[in-house]
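**Q**
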């Protein structure tokens, strides 16, 4: 939630700028905007910028690679970039760092426990110290990820990871998960209500039974006297 | 609302909150202990 | 928020009239501010299994003590010597003077201490301390907090008391709410329980307190939800069960001896046995209920946050 609040203003700023650039003169400015957005240290969400209509004008021009870069940063990872390096422009050091940060978020989406070996392979890092420095300085301090570094088991336990931009096909899964959660919560509430009713009924029955027993004891005492 | 979608996605990724054998073992042990205490209390009441 | 206003003239008049001097039951109620309560409970909890002590500031309004604030005292051995707060007189005087300079005009109206795990009542030493306080510092009352039972019960275990004068015979008090007393304290409880009476406790908070507590809740609700008395209070629970076992053994021995002894007082003895066993049964039910509550919260949390989305 904090990361979303932090980048909300930035997203607004970039979206407004993108909306103001259109036509042939706007295309190089849009490309520069994309480079600036993908290099910005505090911006990790790009779907709002992607959905600006003027960005579609980049398609088919000499700046279409900027659109591909934006899509890469919205949905892709460092490995995807490496396998398509021929089709994409050279990234700046700031962009490389950001893409690696986003790759950590993607990895955290699937697993809560990330082994160091997997992380070193995904991020092209040669040793554990460098990996830990990256995770602490670039990920945890940036607020996109919270977790524990377990040096004994050589893994990173993720407690929280910021959300990345979603593709349309991912929405179905999310809706299904939330429906399941909703129905479980509803069922739980119903069963709690039923248990409360049961407890009340049992308590009434017990009081009634106790009263009956006391009355019987009194009757017995009177009859014995 | 892309921001909301990202937040929801981040939240759903955090769940299940705990998923490990050790937690299950500890949880079931607590469960058993409480059931045992309930059993003993029932005997005491009787 | 009007309760926070300190009426110097009314307070001076009350101190001159001293209506409590003629009526041992004069004071009936205590109103504690949210701030004072929080400070006292946090202080008590910070002591762990060690008894802590502090002092409360406030005023009297008719038959009610109004506690505005509380501060801790740097003393030890609150349950092992009468008037342990004597060690901190200089501290109390300095604190009170500094308060008055800062514009807090309230006087000290009572002392609080903790009974970690063994309930809210006054021991023999507490009764002596409170009698001394009432002799020299009246109006004064004693407050006892049990931080351990607070955690396991889920509500603040607190009791406010005033002692009777030595030469006063109290009338038969209505039976107060039952509380479990550990076996090693039961004698101390029983001997002195008629030397004091309990005051009704109510709480109040200012509009600013409401706002601040709301903010605190927003910040710490996750920690509150995550906590579990089963995990946090395991030692206390073990102690309760062990104490219960000892009480049952003692009851069993007493029953056996009594039955072998005289049969003349059979009906009287049977009544005592029954009440002793009834107390044991009540204690065991209480322990179980607390355990079950703790487990219920764990099961619900597991269903909501683990099982559904596994």
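Chains as they are written, first to last, in the working numbering: chain B, 1 to 225; chain A, 1 to 46; chain X, 1 to 310. Ideal Cβ positions, reconstructed from N, Cα and C, are used throughout, including at glycine. Quick caveat, the model's predicted, so the values are computed rather than measured.
Quick check: is the beta carbon of residue 21/A nearer than 8 angstroms to any beta carbon in chain X?
**A** no
**Q** For a contact meaning CB atoms closer than 8 angstroms, what does residue 152/X contact in chain A?
**A** Near residue 152/X there are no residues of chain A at all, since even the closest Cβ is about 13 angstroms away, more than 8 angstroms.
**Q** Spell out whether any CB of chain A is found under 8 angstroms from the CB atom of residue 163/B.
**A** Yes - at least one Cβ of chain A is within 8 angstroms of the one on residue 163/B.
**Q** I'd like to know whether the C-beta atoms of residue 180/X and residue 239/X end up nearer to each other than 8 angstroms.
**A** no
**Q** Could you tell me the alpha carbon to alpha carbon distance between residue 288/X and residue 170/B, rounded to whole angstroms?
**A** 47 angstroms
**Q** Assuming residue 46/B and residue 70/B form a contact by the criterion Cβ under 8 angstroms, report the distance between their Cβ atoms to the nearest whole angstrom.
**A** 6 angstroms
**Q** Going by DSSP in three states, residue 197/X sits in which element: helix, strand or coil?
**A** strand
**Q** My understanding is that residue 379/X touches residue 196/X, with C-beta atoms under 8 angstroms, so please give their C-beta distance in whole angstroms.
**A** The shown model of chain X, from 1 to 310, leaves out residue 379/X, and the question about it has no answer.
**Q** Across which residues does DSSP place residue 141/X in a beta bridge pair?
**A** 110/X
**Q** Taking 6 angstroms as the limit between beta carbons, can you name the residues of its chain near residue 66/X, skipping five residues before and five after?
**A** If the five residues before and after residue 66/X are omitted, its C-beta is found closer than 6 angstroms to the C-beta atoms of 31, 58, 59, all from its own chain and listed in chain order.
**Q** What is the rounded straight-line gap between the Cα of residue 72/X and the Cα of residue 17/B?
**A** Taking the straight line joining both Cα atoms gives about 59 angstroms.
**Q** Which residues, taken in chain order from the segment 182–201 of chain B, show a beta carbon closer than 7 angstroms to some beta carbon of chain X?
**A** Listed by position, the residues of the segment 182–201 of chain B near chain X (Cβ gap below 7 angstroms) are 184, 185, 188.
**Q** Residue 121/X: buried (16+ other C-beta within 10 angstroms of its C-beta) or exposed?
**A** So residue 121/X ends up on the buried side.
**Q** Taking the alpha carbon of residue 116/X as the reference point, which residue from 133/X, 103/X, 101/X, 152/X has its own alpha carbon closest?
**A** 152/X
**Q** Would you mind telling me which residues of chain A sit closer than 7 angstroms to residue 103/B, beta carbon to beta carbon, in chain order?
**A** Correct list: empty, because the minimum Cβ distance to chain A is about 15 angstroms.
**Q** Pull up the distance between the alpha-carbon of residue 159/B and that of residue 296/X, whole angstroms please.
**A** 25 angstroms
**Q** Does any residue of chain A have a CB that is nearer than 8 angstroms to the CB of residue 8/B?
**A** Closer than 8 angstroms to the CB of residue 8/B there is at least one CB belonging to chain A.
**Q** With DSSP as the reference, label residue 90/B as helix, strand or coil.
**A** Under the three-state reduction of DSSP output, residue 90/B falls in the coil class, being neither helix nor strand.
**Q** Taking residue 208/X as the reference, give the member of 16/X, 98/X, 216/X with the closest Cα.
**A** 216/X
**Q** What residue range is occupied by the uninterrupted alpha helix (DSSP H) comprising residue 147/X?
**A** 147–153
**Q** Would you say residue 303/X reaches chain B, if we count a Cβ-Cβ gap shorter than 8 angstroms as a contact?
**A** yes
**Q** Leaving out five residues on either side along the sequence, give the residues of the same chain with a beta carbon under 8 angstroms from the beta carbon of residue 213/X.
**A** 34, 205
**Q** Is residue 70/X helix, strand or coil when you go by DSSP?
**A** strand
**Q** Within 8 angstroms (strictly less), CB to CB, does residue 8/A reach chain X?
**A** no
**Q** Is there a Cβ from chain C that is less than 8 angstroms from the Cβ of residue 281/X?
**A** Any reference to chain C falls outside this structure, whose protein chains are B, A and X.
**Q** Is any beta-carbon of chain B found at less than 8 angstroms from that of residue 35/A?
**A** no
**Q** Assuming residue 157/B and residue 112/B form a contact by the criterion Cβ under 8 angstroms, report the distance between their Cβ atoms to the nearest whole angstrom.
**A** 7 angstroms
**Q** For residue 311/X, would you say it is in contact with chain A, using Cβ-to-Cβ distances shorter than 8 angstroms as the test?
**A** Because residue 311/X is not part of the residues shown, which for chain X are 1 to 310, the question remains open.
**Q** State yes or no: is the beta carbon of residue 45/A nearer than 8 angstroms to at least one beta carbon in chain B?
**A** It does not: the Cβ of residue 45/A has no partner Cβ on chain B nearer than 8 angstroms.
**Q** Output the distance between the C-alpha atoms of residue 90/B and residue 25/B, rounded to the nearest integer angstrom.
**A** 24 angstroms
**Q** What residues from chain B crowd round residue 158/X, counting only those whose CB sits closer than 8 angstroms?
**A** Those do not exist, as residue 158/X stays about 27 angstroms from chain B at its closest Cβ, beyond 8 angstroms.
**Q** Taking three-plus beta-carbon pairs below 8 angstroms as touching, is the segment 103–121 of chain B in contact with the segment 145–155 of chain B?
**A** Under the three-pair Cβ rule at 8 angstroms, the segment 103–121 of chain B counts as touching the segment 145–155 of chain B.
**Q** Buried or exposed: residue 29/A, going by 16 or more other Cβ atoms within 10 Å of its Cβ?
**A** exposed
**Q** Do you know how far the Cα of residue 114/X is from the Cα of residue 22/X?
**A** 30 angstroms
**Q** Beta-carbon of residue 298/X versus every beta-carbon of chain A: anything under 8 angstroms?
**A** yes
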